[in-house]
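This report refers to the structure that appears directly beneath it.
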Amino acid sequence: MQLNNRQKKILLVLLEKTDRITGKELANFLNVSLRTVQTEIHDINNFLPRTISSSNRGYKLIDKDKLAGNINLSLNENSSEQKMLQEKIFFAEAALDIDELADQFYLSMSLLNKYLNNIKHDFKKYNLKLNRKKNKLSISGSEYDKRLFIRNIIVSELVNENKSWEMTSLKISASDYTHVKSIVLTTIEEFNYYIDKPYLTNLVINVLITLYRDRQAHFIEKIKYNVFKESIEFQIAQRICDRLTDHWPIIIPKNDVAYIALSISGQIEPKQSLDSMTNNYQISKTIKSIIKEVFNYYLLTLDYDDILPHFITHIRSLLKRAKSKQFITNTSIINSVKETSPFTYDVAIHLTKLLEDKFLVKIPPTEIDLLSIYIGYVIEQTSQKDDRIKVGICCPDYRHISKILSKQLKESFASKIQIVFVDKCVPTQHEINQVELIISTIKFNSMGKPFVLISPFFSENEKLKIEKKIILVKQMKDEIAQKNSLATYFNKRLFFKNKNLTSKSDVIYFLGKAIVEEGIVQENFIQSVYQRETISSTCFFNLFAVPHAIELNAKKTQIAVLLEENGIEWDKGHKINCVFMIAVSHSDRKEFMKLYNSFIQVLCNPKSIQKIILSESFEQFIANFLR
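My numbering puts the last residue of the sequence shown at 627; the count rises by one with no breaks.
Here you go:
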């Protein structure tokens with residue numbers, strides 16, 4: 001017996017959990033019944049004895065280290081079978097027989113046709129065509145577009161599948177990769193330019209693809225975009241190609257040199273990078289105007305001397321990459337900004353939309369991530385606030401112990417606590433009500449107020465104990481404030497349960513229409529929500545979606561809610577049960593960052609979502625949301 005994908009997913013979830021998880025939570029995560037979960041766990045324990053323990057509190061792994069070290073939990077999705085078929089067709093030197101492919105991959109004709117239909121649509125994204133003639137399959141399209149497709153394959157294999165260079169579709173030796181990388185770096189530095197790490201990997205991949213295709217006599221027929229032979233990019237590309245032909249017995253035609261030059265465009269910067277800002281003054285001026293428009297819209301301040309020049313330089317390079325479609329694809333060094341900082345990502349989406357409209361380009365999600373990094377840095381620098389915990393200290397003043405302790409606490413936690421009172425005995429109820437935490441050397445009833453008992457000597461252990469309590473109190477304080485604030489934006493007339501809506505487009509139209517009829521937004525609100533969704537999905541953690549318009553122009557801020565117990569297919573292959581459509585007023589745009597980020601944080605817990613899904617009324621929904 002082997003573990004199936006569902007069983008592997010159960011084990012992967014349990015590996016991540018520090019405490020028990022209920023069968024209902026697992027069933028909700030997998031979109032299956034509770035009985036199915038119970039059956040799968042029974043089969044896992046039959047195949048791997050004493051792996052999962054069960055109790056009335058849920059399921060838990062017995063020995064995580066043993067499981068992680070001995071069992072392969074990689075998922076064997078049908079997509080890998082489809083991927084192998086797609087690459088077989090793409091790299092074939094001659095047309096392939098459909099019946100022979102079905103036999104070779106052990107596929108029924110119906111499943112093969114399903115895969116071919118998916119492959120056809122995937123190729124279309126790269127302007128490639130899957131030809132089917134007299135039971136034969138072949139690919140047609142420009143060599144330039146074919147190389148874009150190959151690059152996508154290689155990046156996916158390196159980043160998502162964690163393959164070595166030897167194991168990629170190009171089967172490149174480690175020594176060849178190292179040598180090409182050295183040639184590229186050395187040449188760029190000789191011209192007094194530099195290249196950042198993510199851009200370097202991208203460029204080296206394109207050079208290796210050129211080597212691979214030229215060896216097979218697949219040359220670039222023509223270049224779609226203007227490449228000036230006098231440009232620094234072409235000069236660097238020519239030098240790189242000269243060095244490649246010195247090492248390998250190949251000929252690299254001028255069109256292929258131009259292809260590498262396009263790959264370099266937008267990836268390199270002169271070592272005196274800020275001097276380049278004087279070039280193309282009008283483009284820089286336009287970019288600056290767009291950045292200011294977006295930041296003013298969200299009431300964000302910007303350090304024009306420190307941050308703006310670097311940001312403009314980055315966007316100018318991005319526009320060069322967009323013109324040649326040579327985007328950054330290896331962003332493994334960047335976490336998912338969308339999930340960790342949703343507001344920052346949304347500001348980046350707004351900026352992206354204006355850049356696309358102005359410069360007539362298309363910017364992919366990986367580049368939006370990089371824009372988010374700059375924006376996040378600006379927000380971090382301009383949103384510092386005093387969020388110290390209000391503390392009361394209780395300590396007898398024998399030999400001035402209370403003064404000494406108070407001083408030590410101030411020195412150790414100056415940025416984290418604000419001391420409201422120092423009492424030599426038990427504080428009054430009025431004093432207790434004024435603080436959020438009591439630090440005391442004596443025991444007493446704190447009337448439910450968070451309390452930490454320490455000795456008068458303030459050792460390292462005492463310091464650690466207080467630190468943990470401060471963190472806990474801050475988390476509780478933030479969570480209560482977030483939930484109470486968010487609850488004010490819900491409206492009983494905008495709460496819906498089980499409307500039998502199963503698709504993203506139907507849900508967006510339904511909730512958008514409800515908000516329009518409430519008189520909060522104009523009719524074009526719905527179209528703006530659709531438009532925002534096409535740029536990047538607003539689904540989070542495969543649990544819930546938070547669709548919203550690009551513009552923040554509602555008459556007042558409101559959240560419409562739809563709960564569908566049977567599920568909504570929001571993104572392909574992913575069903576969710578909760579959708580929260582947000583309409584934000586212009587006057588609340590500064591608070592939108594807190595609102596959006598807080599909303600995601602509150603809902604990212606699967607237990608919270610499970611309770612919310614079961615809400616039968618608006619009142620019950622609010623109670624479950626605040627719980």
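We treat Cβ as the ideally placed atom computed from N, Cα and C, and that holds for glycine.
In this text, all values refer to a predicted model and were calculated from it rather than measured experimentally.
Three-state secondary structure (DSSP) at His548? Walking along the sequence shown from the start, residue 548 turns up at place 548. His548: strand per DSSP, three-state reduction.
Please confirm if the segment 125–139 is in contact with the segment 206–214, defined as three or more CB-CB distances below 8 angstroms between the two stretches. no
Under 8 angstroms by Cβ, that's how I've got Leu61 and Leu15 pegged, so tell me the actual separation to the nearest angstrom. As a first step, residue 61 is located in the sequence shown; it is residue number 61 there, counting from the start. As a first step, residue 15 is located in the sequence shown; it is residue number 15 there, counting from the start. Indeed, because the Cβ distance is near 7 angstroms, the residues count as touching under 8 angstroms.
Rounded to whole angstroms, what's the CA-CA distance from Leu486 to Phe592? Just pull it up for me. The residue given as residue 486 occupies position 486 in the sequence shown. The residue given as residue 592 occupies position 592 in the sequence shown. Between Leu486 and Phe592, the C-alpha separation is close to 11 angstroms.
Who pairs with Cys539 in a beta bridge, going by DSSP? As a first step, residue 539 is located in the sequence shown; it is residue number 539 there, counting from the start. Paired residues: Ala545.
Bridge partners - Glu269, DSSP secondary structure assignment: Here the question's residue 269 lines up with position 269 in the sequence shown. Glu269 pairs with Tyr194.
Tell me the DSSP secondary structure of Phe618 in three-state form. In the sequence shown, counting from the first residue as 1, residue 618 sits at position 618. If DSSP states are grouped into helix, strand and coil, Phe618 belongs with the helices.
By the 10 Å Cβ neighbour count, where 16 or more other Cβ atoms means buried, how is Asn335 classified, buried or exposed? Residue numbering aside, residue 335 sits at position 335 when the sequence shown is read from its first letter. With a pLDDT of 48 at Asn335, under the threshold of 50, the predicted position of this residue should be treated as unreliable, though the coordinate-derived value follows. Looking at its Cβ environment, which holds fewer than 16 other Cβ atoms inside 10 Å, Asn335 is exposed.
Residue burial classification, Glu651 (beta-carbon count within 10 angstroms, cutoff 16): No information on residue 651 is available, as it lies outside the stretch 1 to 627 that the chain covers here.
Can you pull the DSSP bridge partners for His574? As a working mapping, residue 574 is identified with position 574 in the sequence shown. In DSSP, His574 forms a bridge with Asp571.
Inter-stretch contact (C-beta, 8 angstroms, three-pair minimum) for the segment 142–156 and the segment 102–109: no
According to DSSP, residues forming a beta bridge with Cys395: In the sequence shown, the residue the question calls residue 395 occupies position 395. The partner list for Cys395 (beta bridge, DSSP) is empty, contrary to what the question assumes.
Answer with buried or exposed for Tyr281, where buried requires no fewer than 16 other C-beta atoms within 10 angstroms of its C-beta. Locating residue 281 in the sequence shown gives position 281, where the first residue counts as 1. Exposed, since its Cβ has fewer than 16 Cβ neighbours within 10 Å.
I need the straight-line Cα distance from Phe525 to Leu614, nearest angstrom please. Taking the first residue of the sequence shown as 1, we reach residue 525 at position 525. Taking the first residue of the sequence shown as 1, we reach residue 614 at position 614. The straight-line gap from Cα to Cα measures roughly 29 angstroms.
Are there 16 or more other CB atoms within 10 angstroms of the CB of Cys425, so buried, or fewer, so exposed? Within the sequence shown, the letter at position 425 stands for residue 425. Per the 10 Å Cβ criterion, exposed.
Skipping 5 residues on each side, what residues in its chain have a beta carbon closer than 8 angstroms to that of Thr278? Working through the sequence shown from its first residue, we reach residue 278 at position 278. Caution applies to Thr278, whose pLDDT of 41 falls short of 50 and renders its modelled position unreliable; the model cannot decide the point.
Where does Arg57 fall in DSSP's three states? Stepping through the sequence shown from its first residue, residue 57 is reached at position 57. Three-state DSSP puts Arg57 in coil, outside helix and strand.
What do you get for Glu206, buried or exposed, if any count of 16 or more other CB atoms within 10 angstroms of its CB means buried? One-based indexing of the sequence shown puts residue 206 at position 206. The question names Glu, but residue 206 is Asn in the sequence shown. Buried: at least 16 other Cβ atoms inside 10 Å.
If we call anything under 8 angstroms between Cβ atoms a contact, is Lys492 one with Phe618? Start at 1 with the first residue of the sequence shown, and residue 492 comes out as number 492. Start at 1 with the first residue of the sequence shown, and residue 618 comes out as number 618. The Cβ-Cβ distance between Lys492 and Phe618 falls below 8 angstroms.
Identify, in the order they occur along the chain, each residue of the same chain with its Cβ nearer than 6 angstroms to the Cβ of Arg57, setting aside the five sequence neighbours on each side. Sequence index remark: in the sequence shown, residue 57 carries index 57 (1-based). Within the same chain, Arg57 has close Cβ partners Arg20.
For my contact list, Val391 and Gln418 are in at a C-beta cut-off of 8 angstroms; report their separation, rounded to the angstrom. Here residue 391 corresponds to residue number 391 of the sequence shown, with the count starting at 1. Here residue 418 corresponds to residue number 418 of the sequence shown, with the count starting at 1. Confirmed, Cβ separation roughly 7 angstroms.
Would you mind working out which of Arg50, Lys407 and Ser55 sits nearest Pro456, comparing C-alpha positions? Along the sequence shown, one-based indexing puts residue 456 at 456. When only C-alpha atoms are compared, the closest one is Lys407.
C-alpha gap between Lys465 and Ser412, whole angstroms: Translated into the one-based positions of the sequence shown, residue 465 becomes position 465. Translated into the one-based positions of the sequence shown, residue 412 becomes position 412. Near 13 angstroms, if we compare the C-alpha coordinates of Ser412 and Lys465.
Three-state secondary structure (DSSP) of Asn500: The count along the sequence shown starts at 1 and reaches residue 500 at position 500. The DSSP-derived three-state label of Asn500 is coil.
Here's a check: name, in chain order, each residue in its chain whose Cβ is nearer than 7 angstroms to the Cβ of His247, leaving out the five neighbours to either side. For the purposes of this step, residue 247 is identified with residue 247 of the sequence shown, where counting begins at 1. Same-chain partners within the cutoff: His179.
Quick one: using the 10 Å Cβ neighbour count with 16 as the cut-off for buried, is Met109 buried or exposed? For the purposes of this step, residue 109 is taken as residue 109 along the sequence shown, with counting starting at 1. With fewer than 16 other Cβ atoms within 10 Å, it is exposed.
Below 8 angstroms between beta carbons: does that hold for Ala554 and Ser585? As a position in the sequence shown, residue 554 is number 554, starting the count at 1. As a position in the sequence shown, residue 585 is number 585, starting the count at 1. Cβ distance < 8 angstroms, so Ala554 and Ser585 count as in contact.
The beta strand (DSSP E) spanning Lys443 covers which residue range? Here residue 443 corresponds to residue number 443 of the sequence shown, with the count starting at 1. Unbroken run through Lys443: none, as it is neither H nor E.
How many Å lie between Glu460 and Phe599 at the Cα? For the purposes of this step, residue 460 is taken as the residue at position 460 of the sequence shown. For the purposes of this step, residue 599 is taken as the residue at position 599 of the sequence shown. Computed Cα separation, rounded: 37 angstroms.
Stretch-stretch touch, CB-based, cutoff 8 angstroms, three pairs: the segment 337–349 with the segment 367–378: yes
Beta-carbon separation of Ala438 and Cys394 under 8 angstroms? Residue numbering aside, residue 438 sits at position 438 when the sequence shown is read from its first letter. Residue numbering aside, residue 394 sits at position 394 when the sequence shown is read from its first letter. The displayed chain sequence assigns Ile, not Ala, to residue 438. Yes, these two residues count as a Cβ contact at 8 angstroms.
Please go through the same chain and pick out, in chain order, the residues whose beta-carbon is closer than 8 angstroms to the beta-carbon of Ile119, but skip the five residues on each side of it. Position 119 of the sequence shown, counting from 1, holds the residue named residue 119. A distance below 8 angstroms between beta-carbons, with the five flanking residues on each side excluded, links Ile119 to the following residues of its chain, in chain order: Gln82, Leu85, Gln86, Ile89 and Leu130.
Would you tell me roughly how many angstroms separate the C-alpha atoms of Thr352 and Tyr193, rounded to the nearest one? The residue given as residue 352 occupies position 352 in the sequence shown. The residue given as residue 193 occupies position 193 in the sequence shown. If you take the alpha carbons of Thr352 and Tyr193, they lie about 27 angstroms apart.
Give the C-beta separation of Glu462 and Ile470 to the nearest angstrom, bearing in mind that I take them to be a contact with Cβ-Cβ under 8 angstroms. Here residue 462 is taken as the residue at index 462 of the sequence shown, counted from 1. Here residue 470 is taken as the residue at index 470 of the sequence shown, counted from 1. About 13 angstroms separates the Cβ atoms of Glu462 and Ile470, ruling out a contact at the 8 angstroms cut-off.
Rank Val37, Phe621 and Tyr596 by C-alpha distance to the C-alpha of Leu494 and give the top, closest one. Indexing the sequence shown from 1 puts residue 494 at position 494. Of the candidates Val37, Phe621 and Tyr596, the one whose C-alpha sits nearest the C-alpha of Leu494 is Phe621.
How long is the line joining the alpha carbons of Glu517 and Phe490, rounded to whole angstroms? In the sequence shown, counting from the first residue as 1, residue 517 sits at position 517. In the sequence shown, counting from the first residue as 1, residue 490 sits at position 490. C-alpha separation (whole angstroms): 16 angstroms.
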